[in-house]
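Sequence lines, in order, name chains A and B.
So the first sequence is residues -17 to 129, counted in my numbering.
So the second sequence is residues 27 to 265, counted in my numbering.
Note sheet for the following structure.
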Amino acid sequence: MVSWDLAAFRPKFPRLAPTNSRWKSPSDPNYNCIAFAAGVNDIWWEPDPLYQLFWPLAAEREYTIRAYLKAFGTQGYLPSNDGNLEAHVHKVALYAFGTRPTHAARQLPDGWWASKLGENIDIEHTVDALNGGDYGDIVYFLEKRLS
Amino acid sequence: MPNTNYAKYHHARELSQSEVIANLANKIVFAPHGTKPTVPSGSVAEIYVEPHDLTIVEAGSRHTFASRGASKPCQWSLILSGEGAPHPLAASTDRVVFVHGSLTIEQFVAPSDFMFFDEATSSTPPAYVWGHSFKVHLPLLKPRTVERFRTLAHTWRQNRNSTGSMLDMCTHSAYQQIIGMGQEAIPLILRELEQSTDPWFWALAAITGANPVPEEHRGRRQLMVMDWLDWATTQGYRW
Chain A
-17 MVSWDLAAFR
-7 PKFPRLAPTN
3 SRWKSPSDPN
13 YNCIAFAAGV
23 NDIWWEPDPL
33 YQLFWPLAAE
43 REYTIRAYLK
53 AFGTQGYLPS
63 NDGNLEAHVH
73 KVALYAFGTR
83 PTHAARQLPD
93 GWWASKLGEN
103 IDIEHTVDAL
113 NGGDYGDIVY
123 FLEKRLS
Chain B
27 MPNTNYAKYH
37 HARELSQSEV
47 IANLANKIVF
57 APHGTKPTVP
67 SGSVAEIYVE
77 PHDLTIVEAG
87 SRHTFASRGA
97 SKPCQWSLIL
107 SGEGAPHPLA
117 ASTDRVVFVH
127 GSLTIEQFVA
137 PSDFMFFDEA
147 TSSTPPAYVW
157 GHSFKVHLPL
167 LKPRTVERFR
177 TLAHTWRQNR
187 NSTGSMLDMC
197 THSAYQQIIG
207 MGQEAIPLIL
217 RELEQSTDPW
227 FWALAAITGA
237 NPVPEEHRGR
247 RQLMVMDWLD
257 WATTQGYRW
């Protein structure tokens, strides 16, 4: 397992610990957490007002929870009751600080979650490891049922 | 003569000496002494010099700066003199760029004759070129502009909030101050854009009001970089 400077991230995410998180892949500025959670690894998804970044046309170009839900909706995700692991169901956790969406993580087959930390690294973590930090808290779980 | 005006302005782009020569060679026609070659109407001569060595001096004075990285050490001089002034360095062994006329910070338009002496390609007396109505672009940046930009960019890189939102990164106060520098920051931003993957798109869009990124390129950084650099080139920016 690759060692990573977890201490460097703890000021932003005070709950991060070696027992609830692990390094997954190196930093890559070409995509962000929202794209990553939606399964995209080469595009930055964000509803920026200067129209430089990708945002699904079907979603409002604004930093609101509603717009982010619509963006994930374009990928087949609908609100879910919880983040429990279910067979044949892909789940995403949407984080917000107040009313502003900040982050998204996608569930892994073992029940942990995968997150891209901004332009930085990808990590895997337990469902609550990023709560209470710069990302605020999980405000929605989304799911996509596989046929 | 001693020069007290060093490093007053920087050129916007750092070029090697070979590139400098190549630029000059591409733009200026050499001719034997005493002849005047025909210069196509609208010809543009661009003089690029290394930024740390360029000094704009008072008309009639001289500044000599050493070239760097050259296989054959030599010196360049940028000489500004009044219309019709004698050629005090015509016999010099220095490479000499000799410009008659006036100079503004951003652009020099020679009102009459433009002369270029190149010791390496000349006999004695040196070959020279007469050009009429040459435009000599000197996209220059004031050192304090460069320094301020570098300081702000460094501050931004060190402190930007990399939590997954470009909005957070680009609303950092240092980034906003760079936007506030306006047009004079653009060559420096373009240079950054060429050399890094940092998100300078917002600053360019905010300053210029342009958006050359087509819908299918949005969010794809490498394509966005090319879009912005192509746009800057077509808009005549030098960096």
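C-beta atoms are modelled at their ideal positions from N, C-alpha and C, and glycine is treated no differently.
Owing to the predicted nature of the structure, the values given are computational and were not obtained by experimental measurement.
| Check | Outcome |
| --- | --- |
| Backbone CA spacing between A/SER129 and A/ALA69 [nearest angstrom] | 11 Å |
| Burial state of A/SER9, where buried means 16 or more other Cβ atoms lie within 10 Å | exposed |
| Alpha carbon of A/LYS(-6) to alpha carbon of A/ASP116, nearest angstrom | 5 Å |
| Cutoff 6 Å; reference A/ILE120; Cβ partners in own chain excluding five residues on either side | ALA75 and TYR77 |
| Residue burial classification, A/THR81 (beta-carbon count within 10 angstroms, cutoff 16) | exposed |
| A/ILE103 in three-state terms, based on DSSP | coil |
| Under 9 Å from the C-beta of A/THR84: neighbouring residues of chain B | THR189, GLY190, SER191 and ASP194 |
| Same chain, Cβ closer than 6 Å to A/ASP104, five either side skipped, listed in chain order | LYS6, SER7 and LYS98 |
| For A/PHE36, three-class secondary structure by DSSP | strand |
| Test: B/GLY266 CB closer than 8 Å to a CB of chain A | No answer is possible for residue 266 of chain B: it lies beyond the span of chain B, which begins at 27 and ends at 265. |
| Sequence ranges, alpha helix (DSSP H) only - wholly within the region 9 to 63 of chain A, length at least 4 | 15 to 19 and 47 to 55 |
| Counted within 10 angstroms of its Cβ, other Cβ atoms place B/GLN248 as buried (16 or more) or exposed | exposed |
| Opposing strand residues paired with A/GLY118 [DSSP bridges] | A/GLY115 |
| Buried or exposed by the 16-neighbour rule on C-beta atoms within 10 Å, applied to B/PRO238 | buried |
| Beta-carbon neighbours of B/ALA231, restricted to chain A and to distances below 7 Å | LEU32 and GLN34 |
| Beta carbon of A/ARG127 nearer than 8 Å to that of A/ALA19 | no |
| Partner residues on chain B for A/GLU125, Cβ-Cβ distance less than 9 Å | Residues of chain B passing the Cβ test: none, with the nearest at roughly 21 Å. |
| Backbone CA spacing between A/GLN34 and B/TYR263 [nearest angstrom] | 20 Å |
| A/PHE79: first and last residue of the uninterrupted beta strand (DSSP E) it sits in | 71 to 79 |
| Members of the region 42 to 69 of chain A that neighbour chain B once the beta carbon cut-off is set at 7 Å | TYR45 |
| Residue-level contact to chain A via CB, B/GLY245, 8 Å cutoff | yes |
| C-beta neighbour in chain B for A/PRO(-7), strict 8 Å | no |
| Nearest neighbour of B/SER191, chosen from B/GLN209, B/TRP228, B/ARG174 and B/ILE215 [CA to CA] | B/TRP228 |
| Straight-line gap, A/GLY58 to A/PHE123 (C-alpha atoms, nearest Å) | 13 Å |
| Straight-line Cα distance separating B/ARG176 from B/GLU210 | 13 Å |
| Neighbour-count burial assignment, B/SER222, 16 or more Cβ in a 10 Å radius | exposed |
| Among A/PRO83, A/GLY114 and A/GLU125, the one whose alpha carbon lies nearest that of A/ARG48 | A/PRO83 |
| Cutoff 7 Å; reference B/THR181; Cβ partners in own chain excluding five residues on either side | ALA200 |
| Per-residue DSSP class, three states only, for B/SER199 | helix |
| Beta-bridge partners of B/HIS180, as assigned by DSSP | According to DSSP, B/HIS180 bridges with nothing at all. |
| Contact check, B/LEU193 vs A/TYR13, beta carbons under 8 Å | no |
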